[in-house]
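Right, one structure below, let's go through it.
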Ligand code: SF4
Ligand code: SF4
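Residue numbers (the working numbering): 1 to 295.
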């Protein structure tokens, strides 16, 4: 069972939902922080490090003695990460996605590949939670390969919660692919509704069943509730606008530990998600390894 927690924009409480859901899960659970540009789930879990691995992608290196400046590589690369310049070709590693295509189309075989480090994947154990988080190196822009590296550490047979990056761009798509169910976290405000609509379009395009958590219920209006009702989208949980939750967050504390009266609320979310995910599961034969490879 792989659950993804996403939101159309940052600051809606996505990580709050992810870490507290993991804490009340009631069994061993994997928590994957796929927000590799700004991982923060570790701030709420007092765990011990179980290692870190470097992640690299293959980028082209041109042998100027063999290159004839034909430009085939530049015409192939849709990311403009390699361009012919006079009698040779120049590589811009920070824009390269590591697809290997330029090396394959180079007529004189003047391109080889070298590893370019993009970040690390760390593992932290905190009681029954195994946290796996990616951390993109400063100045690197290629987060989807690092997201896929995080997901490649998924172990079959243990439930997983994926904390997605905010928004609806490529790193989010890379996170959500292969999930059994998506929880979209939003706020009951006009901005929240706008970004929720974008996120709903995204998960519908990906054909993944989903539901909504409304965070800070009470601060806005009922348009999110009306929209979900009209669209037939289940509201799985409403978290009240409670100043004590924000205070616990700012201290790096889990809501379910700082405010035990919220344990039942997150257990209700767990039960609702598991029930709906089981009912909506479309491909019972999927495994973590097949999901990571499709990443
Ligand atoms: S395709 Fe090969 S030979 Fe042609 S410009 Fe690129 S590196 Fe040089
Ligand atoms: S490996 Fe792919 S992305 Fe990188 S320069 Fe070559 S064609 Fe472009």
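Each residue gets a CB set at the ideal place from its N, CA and C atoms; glycine is no exception. Please read all numbers here as calculations on a predicted model, not as lab measurements.
For this session: Locate the beta strand (DSSP E) running through residue 216, then write down its first and last residues.
Result: To locate residue 216, count along the chain shown from 1; it is residue 216. That run of the beta strand (DSSP E) goes 210 to 217.
Exercise. How big is the Cα-Cα spacing for residue 112 and residue 62?
Worked result: The sequence position of residue 112 within the chain shown is 112, counting from 1. The sequence position of residue 62 within the chain shown is 62, counting from 1. Roughly 7 Å between the two C-alpha positions.
Problem set entry | For residue 25, three-class secondary structure by DSSP | By 1-based counting over the chain shown, the position of residue 25 is 25. Three-state result, residue 25: coil.
Problem set entry | Whole alpha helix (DSSP H) elements within the stretch 117 to 202, 4-residue minimum | 143 to 151 and 170 to 176
Exercise. Do residue 217 and residue 233 have their C-beta atoms closer together than 9 Å?
Worked result: Taking the first residue of the chain shown as 1, we reach residue 217 at position 217. Taking the first residue of the chain shown as 1, we reach residue 233 at position 233. Cβ atoms of residue 217 and residue 233: not closer than 9 Å.
Problem set entry | Distance, residue 86 Cα to residue 133 Cα | Your numbering for residue 133 matches position 133 in the chain shown. Your numbering for residue 86 matches position 86 in the chain shown. Distance between the alpha carbons of residue 133 and residue 86 is about 43 Å.
Problem set entry | the stretch 141 to 156 touching the stretch 172 to 190, judged by at least three CB pairs closer than 8 Å | yes
Problem set entry | Euclidean distance between Cα positions of residue 108 and residue 65 | Numbered from 1 along the chain shown, position 108 holds the residue referred to as residue 108. Numbered from 1 along the chain shown, position 65 holds the residue referred to as residue 65. For residue 108 and residue 65, the distance between alpha carbons rounds to 10 Å.
Exercise. Bridge partners of residue 59, per DSSP?
Worked result: As a position in the chain shown, residue 59 is number 59, starting the count at 1. Beta-bridge pairing links residue 59 to 114.
Problem set entry | Status (buried if at least 16 other CB within 10 Å, exposed otherwise) for residue 35 | Indexing the chain shown from 1 puts residue 35 at position 35. Buried, since its Cβ has 16 or more Cβ neighbours within 10 Å.
Problem set entry | Rounded straight-line distance, which links the Cα of residue 121 to that of residue 54 | Sequence index remark: in the chain shown, residue 54 carries index 54 (1-based). Sequence index remark: in the chain shown, residue 121 carries index 121 (1-based). For residue 54 and residue 121, the distance between alpha carbons rounds to 7 Å.
Exercise. On the premise that residue 213 lies in contact with residue 17, defined as a C-beta separation below 8 Å, what is that separation, rounded to the nearest angstrom?
Worked result: Here residue 17 refers to the residue found at position 17 of the chain shown. Here residue 213 refers to the residue found at position 213 of the chain shown. Yes, they are in contact, since the Cβ atoms of residue 17 and residue 213 sit about 6 Å apart, within 8 Å.
Exercise. How many Å lie between residue 47 and residue 125 at the Cα?
Worked result: Your numbering for residue 47 matches position 47 in the chain shown. Your numbering for residue 125 matches position 125 in the chain shown. Cα-Cα distance, rounded: 5 Å.
For this session: Return helix, strand or coil for residue 245, following the three-state DSSP convention.
Result: The residue labelled residue 245 in the question sits at position 245 within the chain shown. In this structure, residue 245 counts as helix in the three-state DSSP scheme.
Exercise. Taking the alpha-carbon positions, what's the residue 193 to residue 130 distance?
Worked result: Start at 1 with the first residue of the chain shown, and residue 193 comes out as number 193. Start at 1 with the first residue of the chain shown, and residue 130 comes out as number 130. Whole-angstrom Cα-Cα distance: 33 Å.
Exercise. Any idea what DSSP makes of residue 92, helix, strand or coil?
Worked result: Here residue 92 refers to the residue found at position 92 of the chain shown. Three-state result, residue 92: coil.
Exercise. Can you tell me the Cα-Cα spacing of residue 79 and residue 147, whole angstroms?
Worked result: Counting from 1 along the chain shown, the entry for residue 79 is found at position 79. Counting from 1 along the chain shown, the entry for residue 147 is found at position 147. Rounded to the nearest angstrom, the two C-alpha atoms are 19 Å apart.
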